[in-house]
Structures are given as structure tokens and as C-alpha cells.
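Participant: In the numbering used here, the protein residues as written are 19 to 323.
(1) What three-state label does DSSP hand residue 97 in the structure shown?
(2) When the Cα atoms are used, what is the spatial distance from residue 196 to residue 203?
(3) Where do the N-terminal and C-terminal ends of the beta strand (DSSP E) with residue 116 fall, by residue?
(4) Contact check, residue 274 vs residue 231 under 8 Å by CB: the rounded distance?
(5) Assuming residue 243 and residue 66 form a contact by the criterion Cβ under 8 Å, report the distance between their Cβ atoms to the nearest whole angstrom.
(6) Can you tell me whether DSSP reads residue 29 as helix, strand or coil?
(7) In three-state terms, what does DSSP make of residue 183?
(8) With DSSP as the reference, label residue 240 as helix, strand or coil.
(9) Hey, quick one: how far does the alpha helix (DSSP H) through residue 259 stretch, first residue to last?
(10) Return the first residue and the last residue of the beta strand (DSSP E) that residue 120 is part of.
(11) Taking the continuous beta strand (DSSP E) assigned at residue 205, which residues delimit it?
(12) Per DSSP, residue 152 forms a beta bridge with which residues?
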């Protein structure tokens, strides 16, 4: 399946049951809600998907289950966030075997690689697979920035590097990327609190987090911006902002899973070493969610746009 790298692509949460096993029943309910809302792809095993805690067998199960649920409606993409080039290449090969249709690829984890090391790492993985790739550029959280010069080098040799999840938190970087590469490199916003601004600046899509709990509102904002109805998009986005801010936190997984409980699309269960929120922080997050739920906006018919 060709990937257009546009629209809303949820970085979905991984659902666990009370015994710390995959909860594929709740997972299926959430994926179906995403499809009904009109998302353009499903991204598995990202930060929000608790990638670092998943076993290869669990990743395989998630890919195959998602392919079964989506049934060709949208592409299924899996994240690669490994410690070594060798392991990352193995995940890329496994992903193709499982049936995944694309990859999201982070720079080396834990080790702060040099620019040369980062480029070589990304090239070697890209050249090991025919799957289309979206590079995840998040120097704020992962301490490695992929510059325009590095992208130029990558794109010159790797035709299957097609997109970037742009998470530098510098809105002008969207414009720099589009000025430099045009449609050769699709740009998707990777920071929920900058999504509308990024799309107005030319981003092709949105790799979203709070979409896990609020798929319709997320897709509505994207559709409204692309249709030029900024007034209506801003109305929903302003309501959404306190919730979106829950995504830019070390506890984003716990935060968003609490929001999924509120909308009936998930449970609080996280995998250790993460723990469910408690005390004052739990009360604060619940207050944000409860206030938003009380004011949840009525949406226009965005699907017809």
C-alpha cells in the first residue's frame, strides 16, 4: 500500500489488561474509533505506544491485529527505536514480514550520535528495506536534531525516506523543510500543541497523540484547516489546547490513557516502570479532562469537506 503521508496519523497507545498482557479487545475498539473518525494511517509502538517495553512478539501481534482491523483502509506503520543499527535493521525486516506497510524511524536511542553517525545509521536502515519511511525528528526529547543538510544527504541516497515527523517545536522549520524539499519530503507535525500552526505553515499532516482519546476532534481540525475554515478550526483547537498540553509531558502515556478512559476508548493500564498517576498530579490531569468533557464542542460535518 502506497502511503500518502498526509492527514491525521494517530500514534496509538498500547492497551494492556490487568495481568500486563496485550488487551486486544480494547485496542480494537480504539482502532475502529480512529477509522470511523477518518484517520489516514495507524502508527504502532511509538513513545505513546510504550515501545521500549514491548517484546518482539507483542509488536508482531499488534501489527497483525491492526492489519486485520484496518483491512486495507489505511496503512499500518510501526516505529523503530532501537539501541543498535543491527537491532533496528532486524525490526525493519520483521515489520515487512509481519505485513507492516511503513516505518517511523528514530535516530539512535540512548547514545547521542554525531551528525555523521546519525546519517549513517538512518541510511543503513533505509537501505535494508523497501518499506517507506518517516523520520522522527525530535531533538527536544531525544537530543539529536536532523538538520536540513542531513536530510539532503539522506534523500539523495534513500528514495524510501519520504516523510518527517517534525517535532523540533520550531514552526519555521516546517517552512524551511517545504522550501528546501517541496513534496519530496512530506512534513507531518509531531507536537500536538503546534498542530494547527504547523498545518497553516504548510505541514501535510499530523502525527497526533490526544487523537487516541479524541479522534473526531483531531481529524476535524485537520480537515477544517485544509479546507480554509480557520475560524471553525480555531474554535475546536482552543477547546482542545488544555488537553493537547497533556501530550508534552514525561507522563504523556498516563495522561492520555486517563483521557481514553473518559471517552470510553481505553483503560489506565500502563506497563512498569510506568505507574498510574496518583495524588495531586492525578487530580490536576483529571480536572483538565473533566473540564474539557463538560465543554466538548459540537462538530460541523467535517467529513464532507
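Every residue, glycine too, gets a C-beta built ideally from N, C-alpha and C.
Facilitator: Looking at the coordinates:
(1) Here residue 97 refers to the residue found at position 79 when the chain shown is read from its first residue. In this structure, residue 97 counts as strand in the three-state DSSP scheme.
(2) As a position in the chain shown, residue 196 is number 178, starting the count at 1. As a position in the chain shown, residue 203 is number 185, starting the count at 1. Cα to Cα, the separation comes out at about 8 Å.
(3) Within the chain shown, the letter at position 98 stands for residue 116. For residue 116, there is no enclosing beta strand (DSSP E); the enclosing alpha helix (DSSP H) covers residues 103 to 116.
(4) Here the question's residue 274 lines up with position 256 in the chain shown. Here the question's residue 231 lines up with position 213 in the chain shown. Contact holds; Cβ gap of about 6 Å.
(5) As a working mapping, residue 243 is identified with position 225 in the chain shown. As a working mapping, residue 66 is identified with position 48 in the chain shown. The Cβ separation is near 22 Å, so there is no contact.
(6) By one-based count along the chain shown, residue 29 stands at place 11. Strand at residue 29.
(7) Walking along the chain shown from the start, residue 183 turns up at place 165. Reduced to three states, the DSSP call for residue 183 is strand.
(8) On the chain shown, position 222 is the one that residue 240 refers to. Residue state, collapsed to three classes: helix.
(9) As a first step, residue 259 is located in the chain shown; it is residue number 241 there, counting from the start. 248 to 262 is the span of the alpha helix (DSSP H), which, as asked, contains residue 259.
(10) Position 102 of the chain shown, counted from the first residue, corresponds to residue 120. Residues 120 to 123.
(11) As a first step, residue 205 is located in the chain shown; it is residue number 187 there, counting from the start. Its beta strand (DSSP E) spans residues 204 to 207.
(12) The residue labelled residue 152 in the question sits at position 134 within the chain shown. Answer is 122, 181.
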